[in-house]
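Enquirer:
Below you can see the structure in the form of structure tokens.
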């Protein structure tokens, strides 16, 4: 956390040969090439213990690698939460996964199972099937907000339970994104969202787009009063005060940020948590290297969380995407796990590659209203609230 590891590298040859589709020209997308060649990649995505999940070798070969690996991380999260294969069978445990249409759809059909092996809906359903869980199970595709939307749905399924409505006893939350072909890079270069520099440069003046990253991650949610009923000892790594989701509605364009709605979302989340805006110490931001969006997010958070009272402590704004890449549908899981780690160690990680603040970000009238740290910040006090954003 102190060092701020940079996990970005050039596209490894074991994924695909990126040379034929790379061209430094910013307009290279016009002839089906990309000017980006860096990303954060997971080692060993070809490995999978199919026998553990009772999946035949033929079927496993036709499965999206993301489906294979989220099976493993899902069981790992459940195991460390006190569950076993026996206790999971026929349990009322819900599965909420953030994932999108797999890049397998751009690959030649490899096996007879490719119909389900490449379907995003099966990413969550296969977890429930293989482990015998009978709670709600569905996949949410909201690009960068996918896994935090899954977290919101899982949280609501537990928070809004009544004597007559109890869809699940616990919720398995997950996110999955892997890169297995360069085709999508060309499409994203055409949209102008990929960085030729190979880094997101969060909140920095040199930001020009994002670097893609990979991620497979899970966590288990339980109501405090239900902890331990279905599995055994389950150590808690954190508590969710509230989650909230909305839409910007009609705007200048489909992707244009709406500062008013984003600010209202932040305030609604603090009201739902029954805390004051100034109680929030830090935000793990959805800063993915697009200067306008980054500036709007910084301004919204500063005004919403530090604009209504005397500032006792600065609001720390940070993001890990510059070092680990933007993992799209798994980005929210990376954010929430980073927040949990920060809370555990009592430290807020620094922004990587921050040399000169984005000039579009309005400087606060009070010097201590917002803080873009380039070094580790210690969280003081017994109580601390940290948040995440996604869009």
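In this note's numbering, the protein residues as written are 45 to 435. Glycine residues also receive a C-beta, built at the ideal position from the N, C-alpha and C atoms. Quick caveat, the model's predicted, so the values are computed rather than measured.
(1) Quick test of your reading: residue 258 and residue 434, contact by CB under 8 Å. State the CB separation rounded to the nearest angstrom.
(2) For residue 139, count neighbouring Cβ atoms within 10 angstroms of its own Cβ and tell me buried if that reaches 16, exposed if not.
(3) So what does DSSP say about residue 66, is it helix, strand or coil?
(4) Kindly indicate if chain C contains any beta-carbon less than 8 Å away from that of residue 93.
(5) Check this for me: beta carbons of residue 419 and residue 221, under 8 Å apart or not?
(6) As a quick exercise: from 262, 406, 375, 336, pick the residue whose alpha carbon is nearest that of residue 113.
(7) Nearest-angstrom Cα distance between residue 128 and residue 135?
(8) For residue 335, which residues of its own chain have a beta-carbon under 6 Å away from its beta-carbon, when the five flanking residues on both sides are left out?
(9) Over what stretch of residues does the beta strand (DSSP E) that includes residue 49 continue unbroken?
(10) For residue 124, count neighbouring C-beta atoms within 10 Å of its own C-beta (all shown protein chains included) and say buried if the count is 16 or more, exposed if not.
(11) Measure how close the beta-carbons of residue 168 and residue 181 come, nearest whole angstrom, since I'm counting them as under 8 Å.
(12) Does DSSP put residue 212 in a helix, a strand or coil?
(13) Less than 8 Å between the C-beta atoms of residue 293 and residue 302, yes or no?
(14) Could you tell me which residues DSSP puts in a beta bridge with residue 319?
(15) Quick check: the segment 227-235 against the segment 369-389, are at least 3 beta-carbon pairs closer than 8 Å?
(16) In terms of residues, what are the limits of the alpha helix (DSSP H) holding residue 265?
(17) How many Å lie between residue 110 and residue 356 at the Cα?
(18) Based on DSSP bridge pairs, tell me the residues matched to residue 395.
(19) Whole-angstrom Cβ separation of residue 323 and residue 429, contact assumed at under 8 Å?
(20) Considering only residues of the same chain and omitting the five flanking positions on each side of residue 188, which have a CB-CB separation below 8 Å?
(21) Taking the beta strand (DSSP E) that residue 325 belongs to, which residues open and close that run?
(22) Applying the criterion that 16 or more other CB atoms from any shown protein chain within 10 Å of the CB defines a buried residue, is residue 297 buried or exposed?
(23) Among 313, 216, 318, 107, which has the Cα closest to the Cα of residue 264?
Expert: Taking the geometry as given:
(1) To locate residue 258, count along the chain shown from 1; it is residue 214. To locate residue 434, count along the chain shown from 1; it is residue 390. Actually they are not in contact, since the Cβ atoms of residue 258 and residue 434 sit about 17 Å apart, beyond 8 Å.
(2) Locating residue 139 in the chain shown gives position 95, counting from the first residue. Residue 139 is buried by the Cβ-count criterion.
(3) Here residue 66 refers to the residue found at position 22 of the chain shown. Three-state DSSP puts residue 66 in a strand.
(4) Any reference to chain C falls outside this structure, which holds one protein chain only.
(5) Locating residue 419 in the chain shown gives position 375, counting from the first residue. Locating residue 221 in the chain shown gives position 177, counting from the first residue. No, these two residues do not count as a Cβ contact at 8 Å.
(6) As a first step, residue 113 is located in the chain shown; it is residue number 69 there, counting from the start. Cα-wise, what sits closest to residue 113 is 262.
(7) Within the chain shown, numbered from 1, the residue matching residue 128 stands at position 84. Within the chain shown, numbered from 1, the residue matching residue 135 stands at position 91. Taking the straight line joining both Cα atoms gives about 11 Å.
(8) Stepping through the chain shown from its first residue, residue 335 is reached at position 291. Correct list, in chain order: 251, 402, 404.
(9) Position 5 of the chain shown, counting from 1, holds the residue named residue 49. Run containing residue 49: none; DSSP gives neither H nor E here.
(10) As a first step, residue 124 is located in the chain shown; it is residue number 80 there, counting from the start. When all chains shown are included, residue 124 counts as exposed.
(11) Counting from one through the chain shown, the residue named residue 168 turns up at place 124. Counting from one through the chain shown, the residue named residue 181 turns up at place 137. Going by Cβ atoms, the distance from residue 168 to residue 181 rounds to 5 Å, so yes, they are a contact pair.
(12) One-based indexing of the chain shown puts residue 212 at position 168. Note: residue 212 maps to coil in three-state DSSP.
(13) Counting from one through the chain shown, the residue named residue 293 turns up at place 249. Counting from one through the chain shown, the residue named residue 302 turns up at place 258. Yes, these two residues count as a Cβ contact at 8 Å.
(14) Taking the first residue of the chain shown as 1, we reach residue 319 at position 275. Looking at the DSSP assignment, residue 319 forms no beta bridge with any residue, so it has no partner.
(15) At 8 Å Cβ cutoff, the stretches do not touch.
(16) Translated into the one-based positions of the chain shown, residue 265 becomes position 221. Not the alpha helix (DSSP H): residue 265 falls in the beta strand (DSSP E), residues 259-266.
(17) In the chain shown, residue 110 corresponds to position 66, counting from 1. In the chain shown, residue 356 corresponds to position 312, counting from 1. When rounded, the distance between both Cα atoms is 44 Å.
(18) Reading the chain shown from its first residue, position 351 is the one you call residue 395. According to DSSP, residue pairing for residue 395 in a beta bridge does not occur.
(19) Counting from 1 along the chain shown, the entry for residue 323 is found at position 279. Counting from 1 along the chain shown, the entry for residue 429 is found at position 385. The pair is a contact, with the Cβ atoms about 5 Å apart (cut-off 8 Å).
(20) Translated into positions along the chain shown, residue 188 becomes position 144. In its chain, beyond the 5 residues on either side, 330, 332, 370, 372, 373, 375, 376, 434, 435 have a beta carbon closer than 8 Å to the beta carbon of residue 188.
(21) To locate residue 325, count along the chain shown from 1; it is residue 281. Segment 324-328, the beta strand (DSSP E) holding residue 325.
(22) The residue given as residue 297 occupies position 253 in the chain shown. Counting of Cβ neighbours within 10 angstroms places residue 297 among the exposed residues, the total staying below 16.
(23) Along the chain shown, read from residue 1 onward, the residue named residue 264 stands at position 220. Comparing Cα positions, the closest option is 216.
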